[in-house]
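**Q**
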Amino acid sequence: MAGIILASFIAIKLSFIITSKTPKRPNLLLITLDTLRPDHLNSYGYERLTSPAITKLVEDSFIMDKAFTVATNSGPSHATLLTGLYPAQHGLQNNGQKIKATTPTLAEMLRQAGYNTAGFVGYFALAEESGLNKGFEEFEINPIASHDHDHKEPKDDLQGFEAVADWLKSWAESAEKPPFFIWMHVQNIHESYDPPAPYNSMFEKISAPQTLAGFEGEFDVRCINDLAKAWRAGILPPHFKDEMLALYDGEIRLVDDQLEKIFNGLKSSGNYDDTIIVLVSDHGEVLFENYENKFYKQGPGHTGRYSDASLRVPLILKPAIFHGFKKTSRISQMVSTVDLVPTLLDLIGLPVTKNLPGASLVPVMRLPAKHSTPKNIFFHEKPYGVEYTGVRSEQWKFVHKLEKGRESFLLIDLVGDPKENHFNDSPSQVKAFKSLLETWKKKNQSIHEEQRITEEMRQALIEGGYIRK
2 MAGIILASFI
12 AIKLSFIITS
22 KTPKRPNLLL
32 ITLDTLRPDH
42 LNSYGYERLT
52 SPAITKLVED
62 SFIMDKAFTV
72 ATNSGPSHAT
82 LLTGLYPAQH
92 GLQNNGQKIK
102 ATTPTLAEML
112 RQAGYNTAGF
122 VGYFALAEES
132 GLNKGFEEFE
142 INPIASHDHD
152 HKEPKDDLQG
162 FEAVADWLKS
172 WAESAEKPPF
182 FIWMHVQNIH
192 ESYDPPAPYN
202 SMFEKISAPQ
212 TLAGFEGEFD
222 VRCINDLAKA
232 WRAGILPPHF
242 KDEMLALYDG
252 EIRLVDDQLE
262 KIFNGLKSSG
272 NYDDTIIVLV
282 SDHGEVLFEN
292 YENKFYKQGP
302 GHTGRYSDAS
312 LRVPLILKPA
322 IFHGFKKTSR
332 ISQMVSTVDL
342 VPTLLDLIGL
352 PVTKNLPGAS
362 LVPVMRLPAK
372 HSTPKNIFFH
382 EKPYGVEYTG
392 VRSEQWKFVH
402 KLEKGRESFL
412 LIDLVGDPKE
422 NHFNDSPSQV
432 KAFKSLLETW
442 KKKNQSIHEE
452 QRITEEMRQA
462 LIEGGYIRK
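In the numbering used here, the protein residues as written are 2 to 470.
1. For D221, does the three-state DSSP call read helix, strand or coil?
2. Quick one: residues in its chain with C-beta nearer than 7 Å to the C-beta of L255, no 5 flanking neighbours on either side, listed in chain order?
3. Which class does E244 belong to by DSSP, given the choice of helix, strand or coil?
4. Short of 6 Å in beta carbon distance, which residues of its chain neighbour K402, apart from the five on each side in sequence? Order them along the chain.
5. Reducing DSSP to helix, strand and coil, say where K22 ends up.
6. Among the candidates T344, L351 and D243, whose CA atom is the shortest distance from the CA of E205?
7. Do the region 110 to 117 and the region 174 to 193 touch if we need at least three Cβ pairs shorter than 8 Å?
8. Since L58 and I317 should fall inside the 8 Å C-beta cutoff, what is the C-beta to C-beta distance between them, to a whole number of angstroms?
9. Output the distance between the C-alpha atoms of S308 and I207, rounded to the nearest integer angstrom.
10. Grab the span of the beta strand (DSSP E) containing N28 for me, first residue to last.
11. Where F326 and S282 are concerned, what is the direct C-alpha to C-alpha distance, given to the nearest angstrom?
12. Starting from A68, follow its DSSP beta bridges and name the residues at the other end.
13. Under 8 Å between the Cβ atoms of T33 and V187?
14. Could you check if T106 is buried or exposed, using at least 16 other CB atoms within 10 Å of its CB as the buried criterion?
15. Exposed or buried, which one is H41 when buried takes at least 16 other CB atoms within 10 Å?
16. Is DSSP giving L341 helix, strand or coil here?
17. Leaving out five residues on either side along the sequence, give the residues of the same chain with a beta carbon under 7 Å from the beta carbon of D414.
18. Look up Q211 in the DSSP assignment and say whether it is helix, strand or coil.
19. Kindly indicate the opening and closing residues of the beta strand (DSSP E) around H401.
20. Would you kindly work out how many angstroms separate the C-alpha atoms of K25 and E421, rounded to a whole number?
21. Do you know offhand how far G215's Cα is from I236's?
22. Measuring CA to CA, which of G417, N134, V400 and G386 is closest to G406?
23. Where DSSP assigns a beta bridge to S427, which residues make up the other side?
24. If distances are taken between C-alpha atoms only, which option among A321, N265, I263 and Y249 comes closest to V287?
25. So, under 8 Å CB-CB, E382 and R306 are touching, yes? Tell me the CB distance rounded to an integer number of Å.
26. Can you give me the C-alpha to C-alpha distance between D61 and N43, rounded to a whole angstrom?
27. Does the contact criterion of 3 or more C-beta pairs under 8 Å hold for the region 128 to 143 versus the region 355 to 372?
28. Decide if P375 is buried, meaning its Cβ has at least 16 other Cβ atoms within 10 Å, or exposed.
29. So, for T118: in the same chain, excluding its five sequence neighbours on each side, which residues have a beta-carbon less than 7 Å away from its beta-carbon?
30. DSSP has F117 in a bridge; who is on the other side?
31. Compute the Euclidean distance between the alpha carbons of K432 and N95, then round it to the nearest angstrom.
32. If you run the structure through DSSP and keep just helix, strand and coil, what is E163?
33. On the three-pair Cβ rule with 8 Å, is the region 161 to 178 touching the region 226 to 240?
34. Can you give the Cα-Cα distance for F264 and L159, rounded to whole angstroms?
35. Could you name the residues of the same chain whose beta carbon sits closer than 7 Å to that of S427, not counting the 5 residues immediately before and after it, in chain order?
36. Between which two residues does the beta strand (DSSP E) containing L411 stretch?
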């Protein structure tokens, strides 16, 4: 009897030693929803029923109320989400460029830790040419056929969702199941705003094309180029703006319904509780916001590089159940997408390297009241020859724009007077923010030659409406 007890004790102790040396790793599902604004989600206060599945996910998640991207182009912003570095550090500063060969990615780190890694993307500028496939054992591109800005037909490309569902089903049925890391990039919400039925009339009945007084040719509200052209000409009636918003919301609901199937699949296979789920956007979208100053005036799209409509993103994080959070909550502190990689490494139990400029949000998630110190949010990008560098505090936003050697500045009082440029009447604030940006640049910019995009990529960007001929 004593021998049995001793043997049992040894087995229990040995089991403890083994599990303590090889801690359980959570699965990770990173969902990047291109062009999604947080204020069009029900969990961020939107009234139209655009996102019931995401609202259900939020019940188990931390939701960041003030999350901001580092760049408003898909390539640079996604590279930050997958490396934890600013664009000037990872090297991909514009669509069509590539991350530096020496830049480590989250997929590489997790693959070295024993993860199965798979990436599914819906945009050509995130394909292998970007270098964002580094570390993924499987990498599949399912481009949205109607992605370009001049498109005028409904898009019903759902193969990306189906590919992820098939991969998860195959993984769940396999005999050996190392933890997985899936990056699922969803392009459907991106303009042009043209969801298929029934989503194209879910929130408002749309008839297209139409005749618009003063517009040359037929006007199609689904076409971002038509919308922008009419808006710039000052001939876009309010009801067309309402129709465009209804189509944008229809895109979101289409995506939400597909995500519900993914989440339900994880639940039915018993893997939901063991999976970290992150839902984040690469950038937002300007939906006719118009700040009345010379520095910023923007119609539909996401080229408003320093507008909160473009910079603010949803960030929802569901931890694995064994992380032991007593409850989830809303986080009111400003956070940056550069904080995501260190947060995920922290949750997974891997070292957070010192070269990462962001900070893990786990302390804030565990004790939000204790770790609510205000922080500044930085953003920087070089889209097509123009450089923007900016910093945002709770009250102020300061932006430096450099175009063909000419400098211009913007200082916005976000609390007191957000429609005016206070650069010339707030010298003390300007001096402080200039110093802050210079310090940030020295710390976070790396020295390497800016890349030239290939002619093939340039033509693809022209066809997509990103570069004008």
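Every residue, glycine too, gets a C-beta built ideally from N, C-alpha and C.
**A** In short, the structure shows the following:
1. Your numbering for residue 221 matches position 220 in the sequence shown. D221 carries a coil assignment under DSSP once its states are collapsed to helix, strand and coil.
2. The sequence position of residue 255 within the sequence shown is 254, counting from 1. Once the five neighbours on either side are set aside, the close Cβ partners of L255 are N189, P196 and Y200.
3. Residue 244 sits at position 243 when you count from the first residue of the sequence shown. Shown here, E244 sits in a helix according to DSSP, grouped into three states.
4. Position 401 of the sequence shown, counting from 1, holds the residue named residue 402. Y389 and S409, listed in sequence order.
5. Position 21 of the sequence shown, counting from 1, holds the residue named residue 22. Confidence in K22 is poor, its pLDDT being 39 and thus under 50, which makes the residue's placement too unreliable to answer from.
6. Sequence index remark: in the sequence shown, residue 205 carries index 204 (1-based). The shortest C-alpha separation from E205 is found at D243.
7. Result yes; three or more Cβ-Cβ pairs closer than 8 Å.
8. Stepping through the sequence shown from its first residue, residue 58 is reached at position 57. Stepping through the sequence shown from its first residue, residue 317 is reached at position 316. With 8 Å as the limit, L58 and I317 qualify as a contact, their Cβ atoms being about 7 Å apart.
9. Position 307 of the sequence shown holds residue 308. Position 206 of the sequence shown holds residue 207. Roughly 29 Å between the two C-alpha positions.
10. Along the sequence shown, read from residue 1 onward, the residue named residue 28 stands at position 27. Membership of N28 in the beta strand (DSSP E) is indicated by the continuous run N28 to L34.
11. Numbered from its first residue, the sequence shown carries residue 326 at position 325. Numbered from its first residue, the sequence shown carries residue 282 at position 281. Between the alpha carbons of F326 and S282 lies a gap of roughly 24 Å.
12. For the purposes of this step, residue 68 is taken as the residue at position 67 of the sequence shown. V314 and V336, per the DSSP bridge assignment.
13. In the sequence shown, residue 33 corresponds to position 32, counting from 1. In the sequence shown, residue 187 corresponds to position 186, counting from 1. Less than 8 Å divides the Cβ of T33 from the Cβ of V187.
14. The residue given as residue 106 occupies position 105 in the sequence shown. Burial call: buried.
15. Sequence index remark: in the sequence shown, residue 41 carries index 40 (1-based). Its Cβ being crowded by 16 or more others within 10 Å, H41 is buried.
16. Indexing the sequence shown from 1 puts residue 341 at position 340. The answer is helix: DSSP assigns L341 an H, G or I state.
17. Your numbering for residue 414 matches position 413 in the sequence shown. Excluding sequence neighbours, D414 sits near Q396, W397 and H423.
18. The residue labelled residue 211 in the question sits at position 210 within the sequence shown. DSSP places Q211 in the strand class (E or B) of the three-state scheme.
19. As a position in the sequence shown, residue 401 is number 400, starting the count at 1. Segment W397 to E404, the beta strand (DSSP E) holding H401.
20. Here the question's residue 25 lines up with position 24 in the sequence shown. Here the question's residue 421 lines up with position 420 in the sequence shown. In this model, K25 and E421 are separated by some 53 Å (Cα to Cα).
21. Start at 1 with the first residue of the sequence shown, and residue 215 comes out as number 214. Start at 1 with the first residue of the sequence shown, and residue 236 comes out as number 235. Cα to Cα, the separation comes out at about 7 Å.
22. The residue you call residue 406 lines up with position 405 of the sequence shown. Residue G386 is the option with its Cα nearest to G406.
23. As a working mapping, residue 427 is identified with position 426 in the sequence shown. S427 is not bridged to any residue.
24. As a working note, residue 287 is residue 286 in the sequence shown. Considering only alpha carbons, the answer is Y249.
25. The count along the sequence shown starts at 1 and reaches residue 382 at position 381. The count along the sequence shown starts at 1 and reaches residue 306 at position 305. About 7 Å separates the two Cβ atoms, so the contact holds.
26. Taking the first residue of the sequence shown as 1, we reach residue 61 at position 60. Taking the first residue of the sequence shown as 1, we reach residue 43 at position 42. Their Cα atoms are separated by approximately 15 Å.
27. In the pairwise beta carbon analysis, the region 128 to 143 is classified as not touching the region 355 to 372: fewer than three pairs are separated by under 8 Å.
28. Here residue 375 refers to the residue found at position 374 when the sequence shown is read from its first residue. P375 is exposed by the Cβ-count criterion.
29. Sequence index remark: in the sequence shown, residue 118 carries index 117 (1-based). These residues qualify, in order along the chain: A108, L111, R112, G136, F137, E138 and F182.
30. Within the sequence shown, residue 117 is the residue found at index 116, counting from 1. What sits at residue 117 in the sequence shown is Asn, not Phe. Residue pairing by DSSP places N117 opposite F181 in a beta bridge.
31. Sequence index remark: in the sequence shown, residue 432 carries index 431 (1-based). Sequence index remark: in the sequence shown, residue 95 carries index 94 (1-based). A direct Cα-Cα distance of roughly 29 Å separates K432 from N95.
32. As a position in the sequence shown, residue 163 is number 162, starting the count at 1. Three-state DSSP puts E163 in a helix.
33. Contact fails: fewer than three Cβ-Cβ distances are below 8 Å.
34. Here residue 264 refers to the residue found at position 263 when the sequence shown is read from its first residue. Here residue 159 refers to the residue found at position 158 when the sequence shown is read from its first residue. So the two alpha carbons sit approximately 16 Å from each other.
35. For this step, residue 427 is matched to residue 426 along the sequence shown. L412.
36. Taking the first residue of the sequence shown as position 1, residue 411 is located at position 410. Its beta strand (DSSP E) spans residues R407 to D414.
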